Amino acid sequence: MYEVIKKPLLTEKSSSYSDFDTYVFEVQKTATKLQVREAVEKAFDVKVTDVRTLVYRTRWLKKHARFGPPKYKKKAFVKLAKGQKIAIFEGA
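For the sequence shown, our numbering begins at -18 and goes up steadily by one.
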């Protein structure tokens, strides 16, 4: 269950979502919304109300003098129940 979530995305834009009880995680490309919901609920002991996912393309890879094709990643926007927080996003 824990291998579904790769890492939390802690950027300036994603931290602004915490005002709306929404947190952003990088997840496996094959993960479904239900799997993401169960993994977050089990890992952080919170109640998830909504999950939105997004597959995005990274930049072209540059190694030495050659370019490689970009990789595709998936992120999940997880909305928690009112008043619940995840400690790793709070800077504690």
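Quick reminder that beta carbons are idealized off the backbone N, C-alpha and C, glycines included.
From a predicted model like this one, the values you see are computed outputs, not experimental measurements.
| Query | Result |
| --- | --- |
| Could you tell me whether the Cβ atoms of Val8 and Ala68 are closer together than 9 Å? | no |
| So Ala20 is in the alpha helix (DSSP H); what residue range does that whole segment cover? | 14 to 25 |
| From what residue to what residue does the alpha helix (DSSP H) around Lys(-6) run? | -7 to -3 |
| Answer with buried or exposed for Val36, where buried requires no fewer than 16 other C-beta atoms within 10 angstroms of its C-beta. | exposed |
| If we call anything under 9 Å between Cβ atoms a contact, is Thr30 one with Lys14? | no |
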